[in-house]
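Quick note, the sequences are listed as chains A and B, same order.
Here the numbering used here = 1-based position in the first sequence + 233.
Here the numbering used here = 1-based position in the second sequence + 233.
There are 2 protein chains.
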Amino acid sequence: MGEPMAGHLLAAGHDLRVYSRTRSRASRLLDAGAVWADAPADAACGADVVISIVGFPEDVEEVHLGRRGTLRADELPSVIIDMTTSRPSLAARIADEARARGVEAVDAPVSGGDVGARNAALSIMVGAEPNVFDRVLPLFELLGQTVVLQGGPGAGQHCKMVNQILVAASMIGAVEGLRYADAAGLDGATVLASVSAGAAGSWTITNLAPRILKGDFAPGFFVEHFVKDLRIAMEEADAMGLDLPGLSLAKQAYERLCEAGHGQAGTHALAVAY
Amino acid sequence: MGEPMAGHLLAAGHDLRVYSRTRSRASRLLDAGAVWADAPADAACGADVVISIVGFPEDVEEVHLGRRGTLRADELPSVIIDMTTSRPSLAARIADEARARGVEAVDAPVSGGDVGARNAALSIMVGAEPNVFDRVLPLFELLGQTVVLQGGPGAGQHCKMVNQILVAASMIGAVEGLRYADAAGLDGATVLASVSAGAAGSWTITNLAPRILKGDFAPGFFVEHFVKDLRIAMEEADAMGLDLPGLSLAKQAYERLCEAGHGQAGTHALAVAY
Numbered sequence: 234m235g236e237p238m239a240g241h242l243l244a245a246g247h248d249l250r251v252y253s254r255t256r257s258r259a260s261r262l263l264d265a266g267a268v269w270a271d272a273p274a275d276a277a278c279g280a281d282v283v284i285s286i287v288g289f290p291e292d293v294e295e296v297h298l299g300r301r302g303t304l305r306a307d308e309l310p311s312v313i314i315d316m317t318t319s320r321p322s323l324a325a326r327i328a329d330e331a332r333a334r335g336v337e338a339v340d341a342p343v344s345g346g347d348v349g350a351r352n353a354a355l356s357i358m359v360g361a362e363p364n365v366f367d368r369v370l371p372l373f374e375l376l377g378q379t380v381v382l383q384g385g386p387g388a389g390q391h392c393k394m395v396n397q398i399l400v401a402a403s404m405i406g407a408v409e410g411l412r413y414a415d416a417a418g419l420d421g422a423t424v425l426a427s428v429s430a431g432a433a434g435s436w437t438i439t440n441l442a443p444r445i446l447k448g449d450f451a452p453g454f455f456v457e458h459f460v461k462d463l464r465i466a467m468e469e470a471d472a473m474g475l476d477l478p479g480l481s482l483a484k485q486a487y488e489r490l491c492e493a494g495h496g497q498a499g500t501h502a503l504a505v506a507y
Numbered sequence: 234m235g236e237p238m239a240g241h242l243l244a245a246g247h248d249l250r251v252y253s254r255t256r257s258r259a260s261r262l263l264d265a266g267a268v269w270a271d272a273p274a275d276a277a278c279g280a281d282v283v284i285s286i287v288g289f290p291e292d293v294e295e296v297h298l299g300r301r302g303t304l305r306a307d308e309l310p311s312v313i314i315d316m317t318t319s320r321p322s323l324a325a326r327i328a329d330e331a332r333a334r335g336v337e338a339v340d341a342p343v344s345g346g347d348v349g350a351r352n353a354a355l356s357i358m359v360g361a362e363p364n365v366f367d368r369v370l371p372l373f374e375l376l377g378q379t380v381v382l383q384g385g386p387g388a389g390q391h392c393k394m395v396n397q398i399l400v401a402a403s404m405i406g407a408v409e410g411l412r413y414a415d416a417a418g419l420d421g422a423t424v425l426a427s428v429s430a431g432a433a434g435s436w437t438i439t440n441l442a443p444r445i446l447k448g449d450f451a452p453g454f455f456v457e458h459f460v461k462d463l464r465i466a467m468e469e470a471d472a473m474g475l476d477l478p479g480l481s482l483a484k485q486a487y488e489r490l491c492e493a494g495h496g497q498a499g500t501h502a503l504a505v506a507y
């Protein structure tokens, strides 16, 4: 998702240095005028704003706190923004470490996927100090349609966890509902015609249930990334002393799906686990 | 819901006989020209079409198969339609008993609630033989916006079970998501602003989550009726050899909510059980 997002910033006239572990993935951005950097620290050197979007919390940590991370730049950046879906507690820790160096930190995970990134239609959930949010809002408005400040550092990540709890529950419902329909001898598409528009309706039912019925499990959003998100949500819920059995059920179901070799399928491949 | 539905039929010029266990609930219909009947058998006597919508499967059985039920009418009706959410297997049994007497039977549960009934905007999920469906479709079109034939007798009920499986999962997600948000120190309404429009979106999130945040648990749809529906869905799933852990979780949660005295609250009162 980073490539189209960076493309929007470039198209708006911003100067851009880019780093990626796989240089070839930056080639279109470099062709369009971005400048290559050999490490996060080099990309961040003296920058007004640094934006990261990577895979896992470990990657986020490496990019910002690592030996060649953004906070080790020869000239520190002014603001670092992480848009990866990652641990709220890591976002808070990065903010602490940044602040100790006079750098502001923002967590801003997104929903909307590849399509939302390409169309600049993402929902961006922001954890930041209000004055920092105001400073970076114009950048977010180049990337997303819905940009909401959720609270201080970490709050964007917490909001994304809520998003994933909702997505997981919808998927469990869709998969169980379609499984029931099939066992009862109903036609799945005909059932969707009855249930989609009312109280049972959801984005999942409208967008993913038809793909489940076709056996089209291309991502969308990877199972292995969703497992990561649900594990983070579960750890955070546990740490807050919450008992969320629906989340627990979804996490286990997705872990089994991943173990069964479907990590690179779309999240709606949960249907094959039933 | 029966009253506004019957009102639409009356307004369209149909002759109507009505029976209700509580006669006062029929008074507006009687004022508008409906004729009172002392029992389902009397209401059904010689009718082209009989429509029932009651509370529980036991009530459905009594209305159609009971001593003074519609199939005991002196002059049998031509078609009986049950719009209660009830057991698929009961719908099939009523259809068998009806057919043995030369009467057609249709199951046609609805979603859309009180508001849908008043506005003739229900989704009507129909189990019927196709020729019978064609005969009664003009009546359904006076009551609903989405009228879909799902299969033979019982298929309408099965489709409604799918609907309820989806609704239950959405509610679990909404309640757990809001619980997480609250524990994480987020503002619920601000979270909804981020998550409602994307992949986490649902009818439940749009319509019921804001009421949960206000602590407004007025029904909507009664917890005690939802428990009935989820029990039916679970029995049917068990009978089909299906393992649906999300449904099972929701059924248990709603049973606990009912036992705790919230049977007359709206389904979104699940939030108080968390």
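Glycine included, C-beta positions come from ideal geometry on N, C-alpha and C.
Please read these numbers as outputs of a predicted model, since none were measured by experiment.
I want to see whether chain B comes within less than 8 Å of residue i, judged by CB atoms only; does it?
i, result
"A/I438", "yes"
"A/H391", "yes"
"A/M473", "yes"
"A/Q555", "Lying before the first or after the last residue shown, residue 555 of chain A is absent from chain A, which here runs from 234 to 507."
"A/S322", "no"
"A/L422", "The identity of residue 422 of chain A in the sequence shown is Ala, whereas the question assumes Leu. No, A/A422 lies away from the interface with chain B (no Cβ there is under 8 Å from its Cβ)."
"A/G302", "no"
"A/V428", "yes"
"A/G434", "yes"
"A/G235", "no"
"A/G431", "yes"
State yes or no: is the beta carbon of residue i nearer than 8 Å to at least one beta carbon in chain A?
i, result
"B/M358", "yes"
"B/I327", "no"
"B/N396", "yes"
"B/T379", "yes"
"B/S319", "no"
"B/V456", "no"
"B/Q369", "Reading the sequence as shown, one finds Val at residue 369 of chain B and not Gln. By this cut-off, B/V369 is not an interface position."
"B/L482", "yes"
"B/G345", "yes"
"B/A388", "yes"
"B/G448", "no"
I'd like the span of the beta strand (DSSP E) that includes residue i, first residue to last.
i, result
"B/I508", "No statement about residue 508 of chain B is possible, as the shown extent of chain B runs from 234 to 507 and does not include it."
"B/D315", "V312 to D315"
"A/Q378", "G377 to G384"
"B/L298", "Segment P290 to L298 is the alpha helix (DSSP H) holding B/L298; no beta strand (DSSP E) there."
"B/A338", "E337 to D340"
Residue i lies in the alpha helix (DSSP H); which residues open and close that run?
i, result
"B/E457", "V456 to A472"
"A/S260", "S260 to D264"
"A/G240", "G235 to A244"
"A/S257", "That residue, A/S257, is in no alpha helix (DSSP H); it is neither H nor E in DSSP."
"A/L536", "Nothing can be reported for residue 536 of chain A, as the shown portion of chain A is limited to 234 through 507."
"B/L355", "Not the alpha helix (DSSP H): B/L355 falls in the beta strand (DSSP E), residues L355 to G360."
I believe residue i touches residue j by the beta-carbon criterion, under 8 Å. Please report the beta-carbon distance rounded to the nearest angstrom.
i, j, result
"B/Q390", "B/P321", "4 Å"
"B/A402", "B/A483", "7 Å"
"B/Y487", "B/R412", "With a Cβ gap of about 16 Å, B/Y487 and B/R412 do not count as contacting."
"B/A306", "B/A267", "Not a contact, Cβ separation roughly 18 Å."
"B/M404", "B/H501", "7 Å"
"A/R258", "A/A276", "Not confirmed; about 14 Å, so no contact."
"B/M316", "B/V282", "Incorrect: roughly 12 Å between the Cβ atoms, too far for contact."
"B/S435", "A/G434", "7 Å"
When the Cα atoms are used, what is the spatial distance from residue i to residue j?
i, j, result
"B/M469", "A/T423", "At residue 469 of chain B the sequence reads Glu, which differs from the Met that was named. Each residue's Cα considered, the two are about 20 Å apart."
"A/A353", "B/K393", "38 Å"
"A/F373", "A/S356", "10 Å"
"B/G448", "B/I438", "15 Å"
"B/G335", "A/A432", "36 Å"
"A/G346", "A/V380", "15 Å"
"B/V359", "B/A442", "30 Å"
"B/L490", "B/V456", "8 Å"
"A/H247", "A/Q397", "32 Å"
"A/V395", "A/L475", "13 Å"
"B/F450", "B/G499", "5 Å"
"A/G410", "B/Q497", "26 Å"
"A/R301", "A/L309", "12 Å"
"B/P371", "A/D415", "29 Å"
"B/A333", "A/Q485", "49 Å"
"A/A417", "B/G385", "11 Å"
"A/M467", "A/R444", "28 Å"
Is the shortest distance between the beta-carbon of residue i and the beta-carbons of chain E less than 8 Å?
i, result
"A/L477", "Given the protein chain composition of this structure (A and B), no chain E is represented."
**Prompt:** Relative to chain B, which residues along the region 398-419 of chain A have a C-beta separation below 9 Å, given in chain order?
**Reply:** I398, L399, V400, A401, A402, S403, M404, I405, G406, A407, V408, E409, G410, L411, R412, Y413, A414, A416, A417, G418 and L419
**Prompt:** Can you list, in chain order, the residues of the region 486-502 of chain A whose Cβ is nearer than 7 Å to any Cβ on chain B?
**Reply:** none
**Asked** Which of the residues in the region 459-471 of chain A, read from start to end, lie with their CB under 9 Å from any CB of chain B?
**Response** A466, E469 and A470
**Asked** Going along the chain, which residues of the region 250-276 of chain B sit with their C-beta nearer than 8 Å to a C-beta in chain A?
**Response** none
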